[in-house]
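Chemist:
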Amino acid sequence: MSQIKLLVFLLLAHLSVQVQADKEIKLITIGAGSEFWSAFGHTALAIDDDVYGFGYFSFEDEDLIQSFLSNQMQYDLGVSDFSREIELARWQNRTFIVQHLKLSDAEISYITEYLFWHNLPENQSYHYDYFLNNCSSKIRDILDQAWGGLLRNQFNQASNSNYFKQTFPAKNQSLMNLGMAMAYGWSAYSTRSEWELMALPQYLQSKISELGPLKVSSSTVLYHEVPQNRVVAVLKTHGVLLGLFTSLFLLLLFNKTKRATQKAVWIVQSLIGLVLLGLWVFSGHQTVGLNFNVLLFFPFAFLITKYRYLRGLLMASYAIWLVLALILGAWYLLPILLIHWMALNFNRV
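Per mature numbering (1 follows the signal peptide of the UniProt record, and there is no 0), the sequence shown runs over residues -21 to -1, 1 to 328.
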């Protein structure tokens, strides 16, 4: 009887290995969407027709805003259908790229078993971090583990890029771009390794492509986004900054609105500066720390009407910010610098 049980066990094990060996695993990269949470694209792994993605979250979470500010977001692994994902990409006008991966039976078995384990109800949730532990980095880590550390070893060298260059400007995200330009601190402009930048979907896709036929048997673009009108694209991407700059510039030129606009600029920049300081000190996001933008959005600028000597301090603060911005390539807020300078120098208070 024991020999029969052993034979049955070996037969089932053989069949399980054979079934897994017949599976095809594909890396899916989806381009940026129109919603802010899809601004940087998406990465998923497909096992045959089942698509596993680590980008699921719920807006019904009562502590969503607090979790976001403290960087304590909980995301889930979810499973969807391959054909549905393609149709969704077409409907949202998002590029859909499929890379067919070359994997051994053991590698396929590892990936399949890991995703099955992670999809169990008690294992679905994970602590999400926008640059350290997200839908792309999770899949990067799975593939790296399956390939015995190949990705980390090959792409651990420093790149010539950073988080700012790879995420900015986000397409069709005008308000988000202004917010990111303000909130990004020193860490966002620090040079990152290729391994770190593979936490971004398009970057991961490009680096997997560099492995060539060794690990990728073929790559196919199943849908390519239809480009929008250039003027519309610029407005959707930079409209808030352009509108804000134009409005304030004109208001500061006219005598009837100049004084009120000056005061508004000082008050608003102080409020923004205080918010940036709060994020620097209390937020769990690494990219908002050491935020030199507090030099541009001086937290005590609103006191200039009471303490005239603050004008010199503000000018020095703006000058230091300009030097740092030029060194780091933080160019986006230069129009705001001009507005602050105009408010400070037109008919001095």
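Ideal placement from N, C-alpha and C gives every residue a C-beta, glycine not left out.
According to DSSP, what are the bridge partners of Y35?
Modeler: By one-based count along the sequence shown, residue 35 stands at place 56. DSSP lists D55 as partners of Y35.
Chemist: For N72, which residues of its own chain have a beta-carbon under 7 Å away from its beta-carbon, when the five flanking residues on both sides are left out?
Modeler: Numbered from its first residue, the sequence shown carries residue 72 at position 93. Taken in chain order, the residues that qualify are E204, V205.
Chemist: Nearest-angstrom Cα distance between A238 and L253?
Modeler: The sequence position of residue 238 within the sequence shown is 259, counting from 1. The sequence position of residue 253 within the sequence shown is 274, counting from 1. In the sequence as displayed, the identity of residue 238 is Arg instead of Ala. Their backbone Cα atoms lie some 23 Å apart in a straight line.
Chemist: In the DSSP assignment, the beta strand (DSSP E) including I9 goes from what residue to what residue?
Modeler: Looking up residue 9 in the sequence shown gives position 30. Unbroken beta strand (DSSP E) run through I9: 4 to 9.
Chemist: If you run the structure through DSSP and keep just helix, strand and coil, what is Q198?
Modeler: In the sequence shown, the residue the question calls residue 198 occupies position 219. First, the residue type needs correcting, since residue 198 is Ser and not Gln in the sequence shown. Strand.
Chemist: Would N141 and Y168 qualify as a contact pair, given that the criterion is a beta-carbon distance under 8 Å?
Modeler: Residue mapping note: residue 141 aligns to position 162 of the sequence shown, counting from 1. Residue mapping note: residue 168 aligns to position 189 of the sequence shown, counting from 1. Their beta carbons are under 8 Å apart, which means N141 touches Y168 by this criterion.
Chemist: Assess, as a yes-or-no matter, whether the segment 25 to 37 is touched by the segment 56 to 69 under the definition of 3 or more beta carbon pairs within less than 8 Å.
Modeler: yes
Chemist: Going by CA-CA distance only, name the one from L24, L317, K285 that's closest to W300.
Modeler: Within the sequence shown, residue 300 is the residue found at index 321, counting from 1. Comparing Cα positions, the closest option is L317.
Chemist: Span of the alpha helix (DSSP H) holding L323?
Modeler: As a working mapping, residue 323 is identified with position 344 in the sequence shown. It spans 313 to 324 - the alpha helix (DSSP H) in which L323 sits, taken as one unbroken run.
Chemist: For Y288, is the classification buried or exposed, using 16 other Cβ atoms within 10 angstroms of its Cβ as the cut-off for buried?
Modeler: Counted from its first residue, the sequence shown places residue 288 at position 309. Burial call: exposed.
Chemist: With DSSP as the reference, label F281 as helix, strand or coil.
Modeler: Here the question's residue 281 lines up with position 302 in the sequence shown. In the structure shown, F281 sits in a helix (DSSP, three-state: H, G or I).
Chemist: Here's the rule: buried if 16 or more other CB atoms are within 10 angstroms of the residue's CB, otherwise exposed. What is T22?
Modeler: Translated into positions along the sequence shown, residue 22 becomes position 43. With 16 or more Cβ atoms within 10 Å of its Cβ, T22 is classed as buried.
Chemist: Can you tell me whether DSSP reads L305 as helix, strand or coil?
Modeler: In the sequence shown, residue 305 corresponds to position 326, counting from 1. Correct three-state label for L305: helix.
Chemist: Start and end of the alpha helix (DSSP H) containing Q152?
Modeler: Here the question's residue 152 lines up with position 173 in the sequence shown. From DSSP, Q152 is part of no alpha helix (DSSP H); its letter is neither H nor E.
Chemist: Do S115 and P180 have their C-beta atoms within less than 8 Å of each other?
Modeler: Along the sequence shown, read from residue 1 onward, the residue named residue 115 stands at position 136. Along the sequence shown, read from residue 1 onward, the residue named residue 180 stands at position 201. Yes, the pair counts as a contact, with Cβ atoms nearer than the cut-off.
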